[in-house]
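Numbering (our numbering), first residue to last: 89 to 334.
Quick reminder that beta carbons are idealized off the backbone N, C-alpha and C, glycines included.
Owing to the predicted nature of the structure, the values given are computational and were not obtained by experimental measurement.
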């Protein structure tokens, strides 16, 4: 099962990469599909690499990022949204949000004490450019992830929420509860370990699920065949469930 998931993910991304070679990336939607597929493959490969080395918490942090990529892709390409916005408009809103978030960072750097005068001047020039670029986009910025979930249809909302806000949060936002969970108690002392007690195959299934959602949305955007990918995904999940039941 372990090696099977790795090989399946690699093949899915390789096949989609070949199909995307015919796509013109000058179009915003095409650019989104091509770029997010490439970045997602990088994250998936990194998740698998970490899990194969036994590093589950760092892999969980990357799974959280991967889930955000999956969600934003679905959010951008879901044309039948409550606001009746086109996919192009949603992509521009995401871009504007990026400009504004970068603006916050640049403003903090200008006010900080560890930048040289030369660096501050560079940040000031960048700040002007960011303000101009954001102002050129006549749409509001996007809401945070939690609020944006309301813009999705119920089936997607129901499926995306646990992928965004489940145990993966511990990988990117470790808290004291996590520290308690990784402590091993005996009668005389407490032994602290460095990682969570989670089956790495479970985390690989999450990775497979996120990759499947991303590639399914990309392929469906071009009316490419998804039946084989869907069948393989469901078969792996079914076989894993059987193995868990013993």
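Asked	Found
For residue 278, report the span of its beta strand (DSSP E) as first-last.	278-280
Could you check what DSSP says for residue 141 in three-state terms: helix, strand or coil?	coil
When the Cα of residue 119 is compared with those of 328, 105 and 250, which residue comes out closest?	105
Which residue wins for smallest C-alpha separation from residue 258, given the options 223, 146 and 224?	146
Should the stretch 131-149 be regarded as contacting the stretch 189-205, the criterion being three or more beta carbon pairs within less than 8 Å?	no
Which residue wins for smallest C-alpha separation from residue 237, given the options 330, 169 and 154?	169
Using the Cα positions of residue 200 and residue 184, report the straight-line distance between them to the nearest angstrom.	25 Å
Less than 6 Å between C-beta atoms, sequence neighbours within five positions excluded: which residues of the same chain meet that for residue 158?	298, 301 and 302
Leaving out the 5 sequence neighbours to the left and right, which residues in its chain are closer than 8 Å to residue 328 when beta-carbon positions are compared?	89, 289 and 293
With distances taken Cα to Cα, identify the nearest neighbour of residue 272 among 281, 165, 234 and 225.	281
Just the C-alpha distance for residue 326 and residue 248, rounded to the nearest angstrom, thanks.	20 Å
With H, G and I counted as helix, E and B as strand and the rest as coil, what does DSSP make of residue 228?	coil
Classify residue 283: buried if its beta carbon has 16 or more other beta carbons within 10 angstroms, exposed otherwise.	exposed
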